[in-house]
Amino acid sequence: MYFPYGFPQCLDAGEVPPSEGLVDTTFTDQHLLLTYSSRIQAWSAGRHRIRVGEVVVSPTDLEDEGEHVAAAWCQRRRRLALVTSRGYLHIYAVSSSKEVLWQTSGEPPAKLTNIYIQNSVFLSSDEDPPVGVVVDVKSILVVLASGKLHNTDWNGRARGSVDLFDPSRGMSARRSDSLRAPPSRASSSCQSVAALLESTPPRASDGHAELVAGAAQPLESGSVHSVAHSPTSGLLALVLRDGRVVLARSAESTLHPVEKIYMLGPGHVPGNSGQAATCAAFDPVNATLAVGCAGGQVALYALAELLDPGVGVPAPVRTLSQDEWGLDPSALGATACLRWSPDGRALAVGQARAGLSVWTASGCRVLCTLRQHAGVEPGILEGPVTALAWARHGARLLAAEGGSPQLLQELRFARTLAGDHRAILRRRWTGAQASGSELPPWLDPGEEGAGHALLAEDRVLLVGPCAAVGRGARGLGLRPELALEHLQVPEAYLEAAYPLVRAAVDPSSGDVAVAGGVGFALHSRSQARWRLFGDAAQERSFQALALVWLGDGVVGVVAGPPPGSPDSPPRLELHAKARLDRGALLATLDLEEAPLAADALGRYVLLGSGALDVRLVVRHLSLMSGGRPLRVRKGLGVRGFCFWEGMLTEGCVAWVGGRWDDG
Numbered sequence: 001m002y003f004p005y006g007f008p009q010c011l012d013a014g015e016v017p018p019s020e021g022l023v024d025t026t027f028t029d030q031h032l033l034l035t036y037s038s039r040i041q042a043w044s045a046g047r048h049r050i051r052v053g054e055v056v057v058s059p060t061d062l063e064d065e066g067e068h069v070a071a072a073w074c075q076r077r078r079r080l081a082l083v084t085s086r087g088y089l090h091i092y093a094v095s096s097s098k099e100v101l102w103q104t105s106g107e108p109p110a111k112l113t114n115i116y117i118q119n120s121v122f123l124s125s126d127e128d129p130p131v132g133v134v135v136d137v138k139s140i141l142v143v144l145a146s147g148k149l150h151n152t153d154w155n156g157r158a159r160g161s162v163d164l165f166d167p168s169r170g171m172s173a174r175r176s177d178s179l180r181a182p183p184s185r186a187s188s189s190c191q192s193v194a195a196l197l198e199s200t201p202p203r204a205s206d207g208h209a210e211l212v213a214g215a216a217q218p219l220e221s222g223s224v225h226s227v228a229h230s231p232t233s234g235l236l237a238l239v240l241r242d243g244r245v246v247l248a249r250s251a252e253s254t255l256h257p258v259e260k261i262y263m264l265g266p267g268h269v270p271g272n273s274g275q276a277a278t279c280a281a282f283d284p285v286n287a288t289l290a291v292g293c294a295g296g297q298v299a300l301y302a303l304a305e306l307l308d309p310g311v312g313v314p315a316p317v318r319t320l321s322q323d324e325w326g327l328d329p330s331a332l333g334a335t336a337c338l339r340w341s342p343d344g345r346a347l348a349v350g351q352a353r354a355g356l357s358v359w360t361a362s363g364c365r366v367l368c369t370l371r372q373h374a375g376v377e378p379g380i381l382e383g384p385v386t387a388l389a390w391a392r393h394g395a396r397l398l399a400a401e402g403g404s405p406q407l408l409q410e411l412r413f414a415r416t417l418a419g420d421h422r423a424i425l426r427r428r429w430t431g432a433q434a435s436g437s438e439l440p441p442w443l444d445p446g447e448e449g450a451g452h453a454l455l456a457e458d459r460v461l462l463v464g465p466c467a468a469v470g471r472g473a474r475g476l477g478l479r480p481e482l483a484l485e486h487l488q489v490p491e492a493y494l495e496a497a498y499p500l501v502r503a504a505v506d507p508s509s510g511d512v513a514v515a516g517g518v519g520f521a522l523h524s525r526s527q528a529r530w531r532l533f534g535d536a537a538q539e540r541s542f543q544a545l546a547l548v549w550l551g552d553g554v555v556g557v558v559a560g561p562p563p564g565s566p567d568s569p570p571r572l573e574l575h576a577k578a579r580l581d582r583g584a585l586l587a588t589l590d591l592e593e594a595p596l597a598a599d600a601l602g603r604y605v606l607l608g609s610g611a612l613d614v615r616l617v618v619r620h621l622s623l624m625s626g627g628r629p630l631r632v633r634k635g636l637g638v639r640g641f642c643f644w645e646g647m648l649t650e651g652c653v654a655w656v657g658g659r660w661d662d663g
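Position one of the sequence shown corresponds to residue 1 (the UniProt record's numbering), numbered consecutively onward.
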């Protein structure tokens, strides 16, 4: 779940002519890159936006080579591939110098960034201009309007070209005729996508959207409008100018060799009323294809069904539409741009006429910038949205409005915690069972203080009953019994650890542990204050790869090497909440590799790596003697499963074959 908070922050890109379009926006690990029609800007990607570099194309080069039309960033290469309207491919290098432009608290210094052309290649003429570019670590693939694909390496050397729509090449044998269906009205009209983005979209009819094939319409030269790429699956989605979508894939699932890239079927159009496709985007995690429609809707398709020859014509898994929220499609316009969050849990949708919305993959709308009542002047992000970009970890969303390319809006989001978002926002339960023994707080059925914990880039948001959250909470206004509390992390920790990437909540006391790039910090609910390491050097000497809460105020941390340090084996450390000091650890255990999952229940901790088996072994862990190393219990017979035991008392319960056994 994504939860927007705060007011949008405005980024002024400087003296950018209103006629200049924003071609691409990309967040890297260090920079925010803005690619305009005739310039490239580099901004710091931390908490504060500082312009650290810019390159402007001269008027002579702009006339000879044309404007920028598409760009793609390769993180491993640290290169930007950019194509122009007259068929040139430019490969830009982006590197930071030693000169410090600005030093601010809460993030590393902003250094001068050099942006320069490393290689340049001429690919095509004005009659067949490029429309898109996609990259991987080895190749650059330029897609021309005619459907031709040009492949080069990162040094600019040509590695082959192919005409994707050449009838003599045929289609992939995996899916040749499985998408055939009667032609739709959109495909037969051959109305261009550019015209659809300007025209008034039709109102969607009732019922779910279907995938309607346009097999009767041949693929014509100059028909490609845009392209989307999935690095994980190697798929290409080409949006044609008549509103069809064509899927293509290489036999090697890579961009090279280009001769092995084939279409997986004829063009098809989403929409039960023949609405044309205007854009597409691949989910980076969940194998989902999002297709924007001329009516303003977004259809989500499972790639497994699209690639399965036995499915036939698959229906969308889900259709995202603003009709149910009382918004007129004619006021929204067609879907202009789509962008998935890095974790694949949210989809940002920009409309061609007005508005920005954010949806979860399950179809829940979490944000909309349009107001439903009329008679008010347009506000922020109530005009056409032309570009979108998610920051790393999905903490921020950058959006650009048409007509004002120099002004970009940043929205901040909090996300649910990994694994579970439920949190107990109350004091420890002090009742007892009939036998007189205290009921463990994590088994207490009376969770009148239960709420939600959400992680943001510099804080934790607690949403729950007013009686459970702290004094600094504010009412949400929707339900008087709900309140929202911001647990702002101290600046002393954010200086080196921004942004926050993981958090854990103690189910018994409601205490919160957060971790960023290095170290971790604790918030005591009873004392309403944060606890940090007394020695900043200890805090910056490790990175928290996992956080779990044990009983009695003990935090389990999987500590790995900090970013930029030599690789070293991680280890499990048990810290006491009352004293954050690596010299006073309760217990430690060296691990062979970082766990894929971590969890704890009371005094029991479980770490898993590799393939997990459905078997749970629990041991009671006593912390009477601190400092002794933890030991791995042998003979479990489960690959990738480890239970850590140290100072053990009697009692072992194991889940084997669907029953509990005493050990």
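All residues carry an ideal CB built from backbone N, CA and C; glycine is no exception. The model shown is predicted, which means the values in this text are computed figures rather than measured ones.
Beta-bridge partners of residue i, as assigned by DSSP
i	result
C74	R79
E485	L462
Q322	For Q322, which the question treats as bridged, DSSP gives no partner whatsoever.
P4	F413
I140	V135, T152
F27	L32
V505	V512
A521	V514
S404	Paired residues: none, contrary to the question.
G53	A42
H68	T84
Sequence-distant residues of the same chain with beta carbon closer than 7 Å to residue i, five excluded per side
i	result
Q406	D12, A13, G14, V16
G132	A70, V143, S226, V227
residue 666	With the chain covering 1 to 663 only, the question about residue 666 has no answer from this structure.
A594	L545, V558, G560, P570
G234	R249, S250, S253, T254
V285	D343, G344
A414	F3, Y5, L454, L455, A456, L461
Residue range of the alpha helix (DSSP H) that includes residue i
i	result
A496	491–497
L381	Element bounds for L381: n/a, residue is neither H nor E.
T60	59–65
A304	303–306
E539	536–539
S330	329–332
Closest residue to residue i among the options (Cα-Cα distance)
i	options	result
Q297	F27, S357, T254, A559	S357
R77	L123, L300, A315, S95	S95
V555	L586, C10, R86, L367	L586
D166	L482, E259, L101	E259
A280	A294, V227, L82, R582	V227
F122	G156, L149, G147	G156
V501	R459, A492, F533	R459
A346	L607, S362, T26	S362
P8	L494, G583, A576, E382	E382
S253	W43, S139, T113, D163	S139
W390	P18, S19, P507, L32	L32
P499	P562, A395, A597	A395
V518	D535, D511, A496, V505	A496
A110	P231, S44, P384	S44
Terminal residues of the beta strand (DSSP E) in which residue i lies
i	result
N286	Where N286 is concerned, there is no enclosing beta strand (DSSP E), given that its DSSP letter is neither H nor E.
P130	130–135
D163	158–163
C368	365–368
I261	261–263
S124	Counting along the chain, S124 falls outside any beta strand (DSSP E), and DSSP gives it neither H nor E.
S97	88–102
L356	356–360
S230	224–230
A336	335–340
L500	Careful: L500 lies outside any beta strand (DSSP E) and carries neither H nor E.
residue 666	Missing from the structure shown is residue 666; the chain here goes from 1 to 663 and no further.
Contacting residues, own chain, Cβ-Cβ under 8 Å from residue i (five flanking each side not counted)
i	result
P257	N151, R159, G160, S250
R529	H523
Residues of its chain near residue i, where Cβ-Cβ distance is below 6 Å and the 5 sequence neighbours each way are ignored
i	result
A544	A515, F520, V557
G553	K577
L238	V224, V227, V246
P18	none
Which runs of the beta strand (DSSP E) spanning at least 3 residues fall entirely within the stretch 539–613, listed in chain order? Entirely contained in the stretch 539–613, the beta strand (DSSP E) runs reaching 3 residues are, in chain order, 543–550, 554–560, 571–576, 587–590, 597–601, 604–608.
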